[in-house]
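**Student:**
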Amino acid sequence: MEQTMGIERERKRERVGTVAGAEHGVFIGARTRRGLGFKGDDRRGLSVNTRSPRCSPRHIEADICAWAASTTASVHVTSITYSLRGRASAAANNGRNVVAPLLVKLITSPLMPPFLLCPLRSNTSIMASSRRTFASLLLLLLLLTSAQGNSLNTTAWHPECETPKAPRRASSSASSFVPSVNFVSTLQSTLDEIKKVMSLVSTFSGVLGGDLRLSSAVNDCLDLLDLSSDELTWTLSASQPTTASASASGTGNRRSDLRSWMSAALGNQDTCKEGLDGTGSLVETLVAGGIDMVTSLVSDGLREIAAAAGGGTGGKGGIRRLMGFPDWVSVADRRLLQAQPTMVSDAVVAQDGSGNYTTVEAAVAAAPAESARRYVIYVKKGVYKENVEVKKKKWNLMLVGDGMGRTVISGSRSYVDGWTTYRSATFAVAGKGFIARDLTIENTAGPQKHQAVALRSDSDLSVFYRCEFSGYQDTLYAHSLRQFYRECLVTGTVDFIFGNAAAVFQNCQLLPRRPLSEQKNSVTAQGRKDPNQNTGFSFQFCNVSADADLVGFTNSTPTYLGRPWKEYSRTVFMQSYLGSLIRPEGWLEWNAEFALDTLYYAEYMNYGPGSGLGNRVKWPGYHALSDPAMAANFTVAQFIDGNMWLPSTGVKYTAGLTV
1 MEQTMGIERE RKRERVGTVA GAEHGVFIGA RTRRGLGFKG DDRRGLSVNT
51 RSPRCSPRHI EADICAWAAS TTASVHVTSI TYSLRGRASA AANNGRNVVA
101 PLLVKLITSP LMPPFLLCPL RSNTSIMASS RRTFASLLLL LLLLTSAQGN
151 SLNTTAWHPE CETPKAPRRA SSSASSFVPS VNFVSTLQST LDEIKKVMSL
201 VSTFSGVLGG DLRLSSAVND CLDLLDLSSD ELTWTLSASQ PTTASASASG
251 TGNRRSDLRS WMSAALGNQD TCKEGLDGTG SLVETLVAGG IDMVTSLVSD
301 GLREIAAAAG GGTGGKGGIR RLMGFPDWVS VADRRLLQAQ PTMVSDAVVA
351 QDGSGNYTTV EAAVAAAPAE SARRYVIYVK KGVYKENVEV KKKKWNLMLV
401 GDGMGRTVIS GSRSYVDGWT TYRSATFAVA GKGFIARDLT IENTAGPQKH
451 QAVALRSDSD LSVFYRCEFS GYQDTLYAHS LRQFYRECLV TGTVDFIFGN
501 AAAVFQNCQL LPRRPLSEQK NSVTAQGRKD PNQNTGFSFQ FCNVSADADL
551 VGFTNSTPTY LGRPWKEYSR TVFMQSYLGS LIRPEGWLEW NAEFALDTLY
601 YAEYMNYGPG SGLGNRVKWP GYHALSDPAM AANFTVAQFI DGNMWLPSTG
651 VKYTAGLTV
């Protein structure tokens with residue numbers, strides 16, 4: 001049985017891509033808190049020669065070099081401060097030297113919740129209650145503190161090879177759009193507020209070692225707030241009335257960029273609160289007010305951008321391109337993705353020591369920060385048991401494997417084992433412009449461990465090409481920003497593609513597998529929370545079929561296209577094959593009537609035994625599209641400024657509805 005399933009899995013991989021090897025290089029061919037109430041062979045390819053010295057001063061080939069190098073408020077707290085400074089000082093004298101600065105930072109923070117200020121303005125009974133609260137807070141801090149305890153170099157890239165990035169094109173109206181003075185003022189206020197919240201949250205970092213989930217949640221919040229700060233800084237810079245500032249960090253389409261970054265910043269705070277939710281911690285109580293303030297400010301700014309773009313719910317807009325490359329994919333990256341010429345990898349990862357590094361994490365860590373050109377890491381075949389994080393400063397990184405099932409990055413973190421969903425990812429990427437191809441990323445925790453992420457992506461303008469993502473619940477976390485998936489294979493059970501990115505999946509295989517007996521399968525759980533966010537999932541020319549372990553159990557395992565994680569959840573399936581495993585109603589409620597009026601779920605010209613529309617849900621937010629003009633809003637050319645979303649892989653593609 002095991003051998004049969006292995007053969008079946010190889011066949012699935014062959015339907016997506018094939019790989020052939022070479023002695024001195026590699027040829028790559030073209031072929032939750034949910035669940036149980038919680039939440040034909042194209043021989044063209046990329047030849048990676050690991051020994052070629054191209055772009056070295058003596059062996060430069062100008063055409064190859066040029067191709068390879070170009071890339072791509074304030075409250076009065078005086079009496080409380082003096083009172084608790086005294087207590088903190090006493091605690092410090094007793095050896096608890098971490099408590100004093102922690103208490104002072106908390107008490108003097110402008111984010112101190114109003115309930116802590118009751119002694120300044122309340123009656124005697126409230127004062128007594130507040131003193132008890134202070135004593136409890138101090139005791140908690142004291143307890144928390146007492147619980148605390150505890151190769152070869154990468155090939156250098158020579159300046160002679162540096163090629164300036166080609167200017168990106170955008171519509172004149174989109175690129176000339178300039179936000180209002182009020183919008184800019186709101187951004188500045190939001191950035192100030194984020195600094196305050198980060199300062200408050202950072203007081204807890206490093207003193208929560210005894211609680212893995214709480215510690216993970218605090219670190220999540222710090223990372224997410226930091227991402228928001230970057231995204232709002234890009235927004236502020238691009239809000240200046242100059243073309244250069246508008247395109248410095250994005251595509252050159254100012255309006256689309258601003259909306260994308262603001263949408264991501266809004267979602268980050270929500271993820272922070274989700275991580276802290278239910279911990280019953282002091283951190284959760286103290287941080288809530290500040291997070292809500294940041295959320296409100298970002299929402300206000302996003303509303304203005306969405307209004308200028310003509311609304312937030314229709315998914316319209318963008319420059320129609322019938323065929324070709326999006327503007328943000330450089331000439332070099334187009335050739336990388338077409339995979340015709342030989343190229344030089346900057347670093348090689350090999351478990352047998354034949355490369356520059358033996359782990360993927362080490363190679364990623366050694367990659368340059370804020371690189372203006374594509375930095376390529378070739379990962380040789382093997383199973384790499386590690387958790388990898390591509391941090392936000394690692395720009396334009398490309399990971400190339402030997403093929404799905406041959407190059408495997410494997411982890412097993414899970415929610416049950418104490419990790420937050422966000423932190424459970426085997427592979428997490430935040431650096432913009434990331435590309436991965438021909439590899440597998442898996443989380444082997446199993447269905448009994450509930451949320452266990454394989455990939456989490458916060459990478460703007462990222463591409464995943466011929467990749468496999470394997471897991472059970474919450475396999476692929478498309479968390480934020482603009483992402484494109486082409487010819488990928490995704491397996492899972494509950495909400496196995498989830499998040500709030502603006503993500504397009506084209507020619508992908510989505511394979512629900514067998515869950516726990518009491519669980520229902522849902523392919524998606526899209527998390528759009530605000531109607532002005534330009535986020536959602538679009539699936540075109542995909543195949544939704546049962547994975548090998550689900551075949552024979554489809555009648556007893558309800559499987560749906562998706563369910564609404566957040567109020568404005570948006571998901572569209574079009575021109576895709578839907579197998580018999582999909583229930584006639586098609587879609588699943590999250591919790592009774594929640595979001596059924598406000599979600600946007602649609603289907604257009606799907607086919608297969610599970611595509612029948614006669615018994616689909618009758619929700620106000622569900623749409624069985626028959627008008628091509630309506631469906632065209634969700635093509636790659638138009639859905640969320642779709643000309644940005646179709647990097648060519650050398651295989652003919654269609655940006656509209658017809659092949």
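Numbering (the UniProt record's numbering), first residue to last: 1 to 659. All C-beta atoms in this analysis are idealised placements derived from N, C-alpha and C, irrespective of residue type, glycine included.
Thinking C-alpha only, which one of Phe427, Ala264, Arg456, Ala288 is nearest Val201?
**Tutor:** Here residue 201 corresponds to residue number 201 of the sequence shown, with the count starting at 1. It is Ala288.
**Student:** In this structure, what does DSSP give as the bridge partners for Lys385?
**Tutor:** Walking along the sequence shown from the start, residue 385 turns up at place 385. Its beta-bridge partners are Ser410.
**Student:** Using the rule of at least 16 other Cβ atoms within 10 Å of the residue's Cβ for burial, across every protein chain shown, is Gln463 buried or exposed?
**Tutor:** Locating residue 463 in the sequence shown gives position 463, where the first residue counts as 1. First, the amino acid is wrong: residue 463 is Val here, not Gln. So Val463 ends up on the buried side.
**Student:** Mapping the DSSP letters down to three states, classify Met398 as helix, strand or coil.
**Tutor:** As a working mapping, residue 398 is identified with position 398 in the sequence shown. Correct three-state label for Met398: strand.
**Student:** Please classify Phe539: does DSSP put it in a helix, a strand, or coil?
**Tutor:** As a position in the sequence shown, residue 539 is number 539, starting the count at 1. Three-state DSSP puts Phe539 in a strand.
**Student:** Mark Gln188 as exposed unless 16 or more other C-beta atoms lie within 10 angstroms of its C-beta, in which case mark it buried.
**Tutor:** In the sequence shown, residue 188 corresponds to position 188, counting from 1. It counts as exposed.
**Student:** Output yes or no for whether 9 angstroms exceeds the beta carbon distance between Val360 and Thr190.
**Tutor:** Locating residue 360 in the sequence shown gives position 360, counting from the first residue. Locating residue 190 in the sequence shown gives position 190, counting from the first residue. Not closer than 9 angstroms, so no.
**Student:** To test your reading of the DSSP string, which unbroken beta strand (DSSP E) runs of 3 or more residues are found completely within the segment 436-494?
**Tutor:** You should have 455-457, 462-470, 476-478, 482-486, 489-492.
**Student:** What residues are listed by DSSP as bridge partners for Ala347?
**Tutor:** For the purposes of this step, residue 347 is taken as residue 347 along the sequence shown, with counting starting at 1. Bridge partners of Ala347: Ile377.
**Student:** List the endpoints of the continuous alpha helix (DSSP H) containing Arg303.
**Tutor:** To locate residue 303, count along the sequence shown from 1; it is residue 303. Residues 282-308.
**Student:** Restricting to runs no shorter than 3 residues, where is the beta strand (DSSP E) found entirely within the segment 604-629?
**Tutor:** Here the runs fully enclosed are 622-624.
**Student:** Would you mind sorting Met398 into buried or exposed? The rule is 16 or more other CB atoms within 10 Å of its CB.
**Tutor:** Numbered from its first residue, the sequence shown carries residue 398 at position 398. Classification of Met398: buried, given that the 10 Å Cβ count is 16 or more.
**Student:** Between which two residues does the alpha helix (DSSP H) harbouring Arg254 extend?
**Tutor:** The residue given as residue 254 occupies position 254 in the sequence shown. Where Arg254 is concerned, the enclosing alpha helix (DSSP H) stretches over 254-276.
**Student:** Secondary structure at Thr571, three-state DSSP: helix, strand or coil?
**Tutor:** Taking the first residue of the sequence shown as 1, we reach residue 571 at position 571. It is a strand residue.
**Student:** Run the CB neighbour count on Glu231, radius 10 Å, all protein chains shown included, and call it buried at 16 or more, exposed below.
**Tutor:** Taking the sequence shown and counting its residues from 1, one reaches residue 231 at position 231. So Glu231 counts as buried.
**Student:** If you check the beta carbons only, do Glu487 and Asn507 fall under 9 angstroms apart?
**Tutor:** One-based indexing of the sequence shown puts residue 487 at position 487. One-based indexing of the sequence shown puts residue 507 at position 507. Yes. Within cutoff.
**Student:** Does DSSP put Gln526 in a helix, a strand or coil?
**Tutor:** Numbered from its first residue, the sequence shown carries residue 526 at position 526. Strand at Gln526.
**Student:** Can you tell me whether Lys432 is buried or exposed, with buried defined as 16 or more other CB within 10 angstroms of its CB?
**Tutor:** As a position in the sequence shown, residue 432 is number 432, starting the count at 1. Buried, by the Cβ-count rule.
**Student:** When burial is assigned at 16 or more other CB atoms within 10 Å of the CB, is Asn534 buried or exposed?
**Tutor:** For the purposes of this step, residue 534 is taken as residue 534 along the sequence shown, with counting starting at 1. Buried is the call here.
**Student:** Find the nearest neighbour of Phe537 within the set Ser545, Pro620, Arg528, judged by alpha-carbon distance.
**Tutor:** Along the sequence shown, one-based indexing puts residue 537 at 537. It is Arg528.
**Student:** Rounded to a whole number of angstroms, what is the C-alpha to C-alpha distance between Trp519 and Asn396?
**Tutor:** Working through the sequence shown from its first residue, we reach residue 519 at position 519. Working through the sequence shown from its first residue, we reach residue 396 at position 396. One detail in the question is off: residue 519 reads as Gln in this sequence, not Trp. If I take the Cα positions, the gap works out to 39 angstroms.
**Student:** What residues match up with residue 720 in a beta bridge as DSSP calls it?
**Tutor:** Missing from the structure shown is residue 720; the chain here goes from 1 to 659 and no further.
**Student:** Identify the continuous alpha helix (DSSP H) that holds Val197 and give its terminal residues.
**Tutor:** As a working mapping, residue 197 is identified with position 197 in the sequence shown. Val197 -> alpha helix (DSSP H) spans 181-202.
**Student:** If Thr444 and Ser412 are in contact, beta carbons under 8 angstroms, what's the gap, nearest whole angstrom?
**Tutor:** For the purposes of this step, residue 444 is identified with residue 444 of the sequence shown, where counting begins at 1. For the purposes of this step, residue 412 is identified with residue 412 of the sequence shown, where counting begins at 1. Sure, about 5 angstroms apart at Cβ, within 8 angstroms.
**Student:** By the DSSP assignment, the alpha helix (DSSP H) with Ala238 in it spans what residues?
**Tutor:** Looking up residue 238 in the sequence shown gives position 238. First-last of the alpha helix (DSSP H) with Ala238: 212-238.
**Student:** Measure how close the beta-carbons of Arg563 and Ser522 come, nearest whole angstrom, since I'm counting them as under 8 angstroms.
**Tutor:** The residue you call residue 563 lines up with position 563 of the sequence shown. The residue you call residue 522 lines up with position 522 of the sequence shown. The pair is a contact, with the Cβ atoms about 5 angstroms apart (cut-off 8 angstroms).
**Student:** So, for Leu266: in the same chain, excluding its five sequence neighbours on each side, which residues have a beta-carbon less than 8 angstroms away from its beta-carbon?
**Tutor:** Taking the sequence shown and counting its residues from 1, one reaches residue 266 at position 266. Excluding residues within five positions, the ones whose Cβ falls inside 8 angstroms are Thr295, Val298, Ser299, Leu302, Lys529, Asp530, Gln533.
**Student:** Whole-angstrom Cβ separation of Val390 and Ala428, contact assumed at under 8 angstroms?
**Tutor:** Your numbering for residue 390 matches position 390 in the sequence shown. Your numbering for residue 428 matches position 428 in the sequence shown. With a Cβ gap of about 7 angstroms, Val390 and Ala428 count as contacting.
**Student:** Tell me where the alpha helix (DSSP H) around Ala632 begins and ends.
**Tutor:** Counting from one through the sequence shown, the residue named residue 632 turns up at place 632. Taken as a continuous stretch (DSSP letters only), Ala632 belongs to no alpha helix (DSSP H), as it is neither H nor E.
**Student:** Taking the alpha-carbon of Trp261 as reference, which of Pro241, Gly290, Ser229 has the nearest alpha-carbon?
**Tutor:** What you label residue 261 is simply residue 261 of the sequence shown in a count that begins at 1. Residue Ser229 is the option with its Cα nearest to Trp261.
**Student:** For Tyr601, which three-state DSSP category applies?
**Tutor:** Here residue 601 refers to the residue found at position 601 when the sequence shown is read from its first residue. In this structure, Tyr601 counts as strand in the three-state DSSP scheme.
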